[in-house]
Amino acid sequence: MSKPEDFKVIVIGGGPVGLTAAQILTKAAIDFAVVERRESVHPDEGAGIAIGPTTYRLLDQLNLLPQFDEIATPINTKNVMTRDGQLYNSYEFHMREYHGRPIAFAHRHDILRTLYITLPAEAQARIKTSKRVTSITTTADGVTVTCDDGSIETGSIVIGADGVHSKTHSMMAAMTGQEAPVFPSEFQGLFGNGPREKLPVETAPSDNWEAHSPGLSSQVFTGYSQEDVKQFVEEIKDLHVTSKLTIGDVFPHVNKAGLTLLQEGVVKSRSHERIVLVGDAASKITPNLGLGYNSGVLDMIVLVNHLRSTLLAKSTEERGEIREEDIANVFKAYEDDRRELTTKVTAAAQGVVRNHTWLSWFRKVFDRHLTPAMGLETWYGKSIMGPQLGKQQVLDWVEEKNLVEGKIPWTYRPSQVDLGEVDVKA
């Protein structure tokens, strides 16, 4: 048991979702620590990350819209072509029209840096690097996280935000006597980033280009050896990434690159005792829809909404204490809220990547001919995915000062009184 004022969250993983967790917990005035295995909070690695309408709503609540406007490029047009660069579909993105906010892309490094430097100094001090977790121990009173350097973090709950190869998830599974979970992977991804101005042909910063072909697709926006990367690039160097540029044209200008397996799937359970999973540790979404980071953001929004509500309720009781059953109820409410949409989004992404890579003759015909002829991308966004995105939550206790809506209204709206500075530790 612990009192609300003593409640502390330990976040394992200081990636985009982990630092977003730090931002939200800071806003909620909930004590926390973040342990990150890398030496830097914002290493210059990784590829572009999509920022969707719900994430933009959170950024508004966190007063981070101006900072993200500086690093993110809204995507207005999508162009789809064959491997040899023949354009067969082009259309305007529907996000801003349907949801009032665009979908935009930013470099992973820029997102991490922005999330970190906009934290107050006392919150930055709670983010600790070069910390490889070796054990997690839970008791009736709390949780202890031990790192390989001998350091220990004690708290009330652990949030595993450490990605698809989540050590938190493996340790959680071991506590229940299960095998370490492994998401299946039928695809691998080549990723990299580089300066657009160095490309041999100018590309518009608001365009998204994709190539679809049998077993292979590409997207360009503004765990393997480098030899593996070079070999794979040589095999696909003729794959177009815009109508004029191929992988062979673009790759010499990439700063950092890598190959990674693209796992897919949803965990059976997101929590055990005092441990809960968010982001890729809970559900791995293939990147073609650009919803991975946004799904992790939504995980944190829903989880903290329930957690903060419980802490505030307990703080008003004369002998209010946070018991194990209170934490179990928070985790159950979080899992119940996220189950349906996570399952649908993961399944949608699985279908999209298979359509883009033409894994059957029907998928090729559907993607190459039926989709552009019938405008199915626009229909899908308006009638299927759009209503699902419209049901996504925001922080229900923070004012959204720049609330905008499109043709699909938001189901959830926060209080118009900013309660973000109410200290549950008071």
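Each residue of the sequence shown is one higher than the last, beginning at 794 in the numbering used here.
Cβ atoms here follow ideal geometry from the backbone N, Cα and C, with glycine treated the same way.
Just so it is clear, the structure is predicted and the values come from calculations on it, not from any experiment.
By the neighbour-count criterion, in which 16 or more other beta carbons inside 10 Å mark a residue as buried, Ala-814 falls on the buried side. Contact annotation: Ala-821 and Val-1090 have beta-carbon atoms that are not nearer than 8 angstroms. The secondary-structure analysis by DSSP pairs Asp-824 across a beta bridge with Lys-801. Ranked by Cα distance from Val-802, the first of Ala-966, Glu-838, Val-936 is Val-936.
Note on the stretch 1051 to 1094: whole beta strand (DSSP E) runs with a minimum of 3 residues are 1068 to 1070, in chain order.
Your pair Glu-829 and Thr-922 checks out as a contact, with CB atoms roughly 5 angstroms apart and the cut at 8 angstroms. Taken through DSSP and simplified to helix, strand or coil, His-835 comes out as coil. Taking every protein chain shown into account, the CB of Asn-1122 has fewer than 16 other CB atoms within 10 angstroms, so this residue is exposed. Here Leu-855 carries a coil assignment [DSSP, helix/strand/coil]. When only Cα atoms are considered, Thr-1164 and Phe-1155 end up about 12 angstroms apart. Taking the C-beta atoms as reference points, Lys-871 is found no nearer than 8 angstroms to Tyr-891. Collapsing the DSSP output to three states places Ile-910 in a helix. The C-beta distance from Gln-854 to Pro-1207 rounds to 7 angstroms, short enough to fall under 8 angstroms. The continuous stretches of beta strand (DSSP E) do not include Leu-1032, and DSSP gives it neither H nor E.
Met-1167 sits exposed, since fewer than 16 C-beta atoms from the chains shown fall within 10 Å of its C-beta. Judged by DSSP secondary structure, Asn-1148 falls within the alpha helix (DSSP H) whose first and last residues are 1117 to 1149.
Sorting Arg-831, Ala-1142, His-1065 by C-alpha distance to the C-alpha of Tyr-1173 places Ala-1142 at the top. Cβ neighbours of His-835 within its own chain (closer than 7 angstroms, five residues either side excluded): His-902, Leu-905, Arg-906, Tyr-909. In the DSSP annotation of this structure, Lys-871 is not part of any alpha helix (DSSP H); the continuous beta strand (DSSP E) holding it starts and ends at 870 to 874. Partner residues in the beta bridge of Tyr-884, as assigned by DSSP, are Lys-871. Per DSSP, reduced to three states, the secondary structure at His-1099 is helical. Check the Cα spacing between Glu-1128 and each of Ala-1075, Ile-945, Ile-823, Phe-1159: the tightest is with Ala-1075. The beta carbon of Thr-1204 lies closer than 7 angstroms to those of Gly-1183, Lys-1184 in the same chain, with the five residues before and after it left out.
Contact check for Glu-1003 and Val-1138: beta-carbon distance about 19 angstroms, past the 8 angstroms limit, so the pair fails to qualify.
Here Ala-916 really is in contact with Thr-819; their C-beta atoms are around 5 angstroms apart, less than 8 angstroms.
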